[in-house]
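Asks:
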Amino acid sequence: MSRRQVKRFSMSLSDLVNTFEACKETADDNQNGGDYDKVMNFIISKFTKLVTECLKQKFRDVNLKDIESIMRCLRIIGQESVPMDIISHDIVSSTLNRCFDGKDSLFEKLTRCLETIIKTRNTFLEGSNEEIGSLGYHFIDSCLLKGLQETIKNSLASNILINNTTLFQKCFFELLQFVKTYPRRKENKSLLVSCLDQFNMHIYFKLITSGYLKKVNTGPDKATNRQLEDIEVSIPNLKYELDYNSFFSLEISKAIVWSFNDMSNEKIVLDPLLSRNWTFLISNFNKLITFLEKASELEFEEDYKVPIAIISDVQRLEELIMGLCYGVFRSRIENLRLDWRIFGNVFDSFFVTLREKCCLFEKILIEINKKTLDKYLIQVNDVPKSYRWTKKPMSESHLQYLTSIVDYLKKLEDDFNTYGVEDEVKEKMIVEVKEYNREDENTSNVSGSSSDEAKMQKKLENSMATWADIQKLANELQVAQNFVGEKKFSDSKVIEIVSKLRELFLIDIIFSTDGKEYITKKTSSE
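Reminder that position 153 of the sequence shown reads as 163 in this note's numbering, one-by-one numbering, no gaps.
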């Protein structure tokens with residue numbers, strides 16, 4: 011049909027519609043209105059049916075003559091999609107379904123199917139003797155791509171998702187490559203996207219995330235000691251940073267990093283999964299925060315391994331996620347032409363929360379260590395005050411405070427190193443523990459205040475050696491044995507030296523009932 015014929019067809023339809031409208035206005039609205047609709051539907055139906063048969067034959071013959079004009083006529087009556095739907099089902103889909111016959115692999119069948127689409131399209135373009143307009147391209151692409159959608163849904167997606175994620179990804183990326191290289195036009199963009207959507211993204215997403223869900227969901231639901239035993243803690247292998255199963259101590263840490271790593275990986279389809287992907291990541295982050303909150307309510311008693319594992323895991327977790335976040339994940343988001351700042355703000359808030367939780371567990375760990383130190387002090391509460399520096403101490407069990415403290419601090423520091431706690435955090439907590447001394451009337455025994463000096467003076471008046479005497483002995487030992495170091499030792503260094511003094515039988519250690527330790531020099535007669 012020429013443009014003139016199409017114009018005449020349009021005018022004829024318009025005249026026919028005007029005639030019915032005139033009848034409708036001059037007669038009973040209810041009765042003639044119904045007749046009007048019936049006649050219009052009958053005319054449109056008959057015309058569409060005739061045109062559809064015509065177009066089906068043209069498609070079989072690979073003949074695009076008059077396609078542009080016919081499509082204009084169909085657009086006038088709002089029926090342009092009807093023939094294309096029928097052709098895509100009756101001709102295209104049935105042809106493509108045959109590509110999935112035989113014993114070849116599903117991937118090979120898909121490849122053959124996509125090649126058939128491209129070959130058919132090229133045949134139409136090469137066989138046309140006239141310029142193809144936008145409606146002609148719309149007709150070709152709609153018939154082919156709608157048929158491809160149906161074939162993917164019925165012959166591919168439903169058979170691939172049961173238990174083979176790898177095959178699914180391989181096929182999906184083949185289709186994704188097809189979509190990216192297919193000649194893109196305004197009319198076929200939505201059709202190409204729909205081809206991807208025919209892969210059941212919901213099932214696919216469950217497949218790639220199911221392995222993490224159980225691990226992420228593990229954790230203390232209630233603050234009870236029994237729940238503390240349910241938290242599995244493994245010793246990390248700090249040499250293998252990329253082996254997350256060995257690099258972290260807690261199962262939830264491993265699952266969080268693995269899931270985010272996979273979601274950031276270019277092998278995982280992101281475009282149609284971005285919403286689910288993002289929701290999944292945020293859900294995992296929230297579960298981690300909830301886990302930390304619940305864990306902080308547990309009664310740890312003297313068991314510090316869980317807090318140490320949490321502190322070390324959270325530190326490495328932040329570092330790794332930040333690397334993935336501002337590396338691969340950010341570039342993938344920006345490649346979708348999305349504003350990264352929206353995502354970045356969420357990550358920044360998450361990192362701030364992680365640091366807050368880490369500080370909370372540092373305080374918990376310090377309290378656990380203080381309780382342990384108190385336990386050593388309580389062990390000597392029964393030593394009589396009558397024991398002074400002129401007398402020998404009681405049984406060996408009352409001499410274990412200093413050596414036990416040294417051993418405990420060494421073990422604590424070794425565990426910090428084993429679990430990979432950052433040096434800055436480790437040193438801060440070690441210093442706090444070493445400087446901790448059981449408080450008496452809310453005042454530290456090693457404080458430099460005037461109140462403390464008065465107490466120490468009173469102790470001296472009672473012939474009891476105090477920390478000042480210990481400091482003096484340590485300095486004397488330094489001079490005597492030519493030690494190289496500062497003139498005044500820290501409290502922790504004093505403990506170490508006093509322990510050596512006792513081991514060399516140069517001093518005895520006496521404890522009082524207030525839980526503080528005092529020393530006495532060995533006399534030559536002893």
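Where is the CB? At the ideal position from N, CA and C, for every residue including glycine.
Which residues mark the beginning and the end of the alpha helix (DSSP H) in which K196 is found?
Replies: Segment: none, K196 is in no alpha helix (DSSP H) and carries neither H nor E.
Asks: Along the alpha helix (DSSP H) that carries R347, what are the first and last residues, could you check?
Replies: Element bounds for R347: n/a, residue is neither H nor E.
Asks: Is the separation between the beta-carbon of V316 and that of V243 shorter than 7 Å?
Replies: Contact flag set, yes.
Asks: Look up P246 in the DSSP assignment and say whether it is helix, strand or coil.
Replies: Three-state DSSP puts P246 in coil, outside helix and strand.
Asks: I'd like the span of the alpha helix (DSSP H) that includes S306, first residue to last.
Replies: Start and end: L284 to S306.
Asks: Give every residue of the same chain whose Cβ lies closer than 8 Å to the Cβ of I80, excluding the five residues on either side of it in the sequence, and list them in chain order.
Replies: Closer than 8 Å at the Cβ level, and outside the excluded window around I80, lie M11, V61, C64 and L65.
Asks: Less than 7 Å separating the beta-carbons of F110 and C181?
Replies: Result no, Cβ atoms of F110 and C181 do not sit closer than 7 Å.
Asks: In terms of alpha-carbon separation, which member of T300, D358, Y314 and L364 lies closest to R326?
Replies: Of T300, D358, Y314 and L364, the residue nearest in Cα terms is L364.
Asks: Taking Cβ to Cβ, would you say I376 is nearer than 7 Å to E442?
Replies: Their beta carbons are under 7 Å apart, which means I376 touches E442 by this criterion.
Asks: How big is the Cα-Cα spacing for R194 and D358?
Replies: About 38 Å.
Asks: In three-state DSSP terms, what is G146?
Replies: Three-state result, G146: helix.
Asks: Would you check if the distance between the CB atom of S274 and the CB atom of L177 is smaller than 7 Å?
Replies: Contact: no.
Asks: Considering only their Cβ atoms, is the gap separating L260 from D349 smaller than 7 Å?
Replies: It is not a contact, given that the beta carbons lie outside the stated cut-off.
Asks: Could you work out which residue in K119, L135 and E160 is closest to V102 when comparing CA atoms only?
Replies: Of K119, L135 and E160, the residue nearest in Cα terms is E160.
Asks: Under the three-state reduction of DSSP, which class applies to Q89: helix, strand or coil?
Replies: Coil.
Asks: By DSSP, does P394 sit in helix, in strand, or in coil?
Replies: Its pLDDT being 49, under 50, P394 is placed unreliably by the model, and nothing is read from it.
Asks: Find out if the Cβ-Cβ distance for the pair V203, I262 is shorter than 7 Å.
Replies: For V203 and I262, no; Cβs fall outside 7 Å.
Asks: Using a 10 Å radius around the Cβ and a threshold of 16 neighbouring Cβ atoms, would you call T133 buried or exposed?
Replies: Its Cβ having fewer than 16 others within 10 Å, T133 is exposed.
Asks: Does the Cβ of N287 have 16 or more other Cβ atoms within 10 Å, making it buried, or fewer, making it exposed?
Replies: The residue is buried, with at least 16 neighbouring Cβ atoms inside 10 Å.
Asks: Can you find a CB in chain C that lies within less than 7 Å of the CB of D425?
Replies: Among the chains in the structure shown there is no chain C, since it carries only a single protein chain.
Asks: Can you tell which of K75, N247 and E125 has the C-alpha that lies nearest to the C-alpha of G146?
Replies: Checked all of K75, N247 and E125; the closest Cα to G146 is K75.
Asks: Taking the alpha carbon of K68 as the reference point, which residue from I97, C205, F215 and D417 has its own alpha carbon closest?
Replies: Here the closest residue by C-alpha is I97.
Asks: Which residue wins for smallest C-alpha separation from D95, given the options L155, F426 and K264?
Replies: D95 has its Cα closest to that of L155, out of L155, F426 and K264.
Asks: Given a threshold of 16 other Cβ atoms within 10 Å of its Cβ, counted over all protein chains shown, does S115 qualify as buried or as exposed?
Replies: Classification of S115: exposed, given that the 10 Å Cβ count is below 16.
Asks: E78 and G143 - do their beta-carbons sit closer together than 7 Å?
Replies: Their beta carbons are under 7 Å apart, which means G143 touches E78 by this criterion.
Asks: If you reduce the DSSP assignment to three classes, tell me which class D114 lands in.
Replies: Here D114 sits in coil by DSSP.
Asks: Are A305 and Y429 close, meaning C-beta to C-beta below 7 Å?
Replies: In this structure, Y429 does not lie closer than 7 Å to A305 by Cβ.
Asks: Determine the direct distance from the alpha carbon of N247 to that of L8, and round the result to whole angstroms.
Replies: This structure cannot settle anything about residue 8, because the visible part of the chain is limited to 11 through 536.
Asks: Report the three-state DSSP secondary structure of D272 (helix, strand or coil).
Replies: In this structure, D272 counts as helix in the three-state DSSP scheme.
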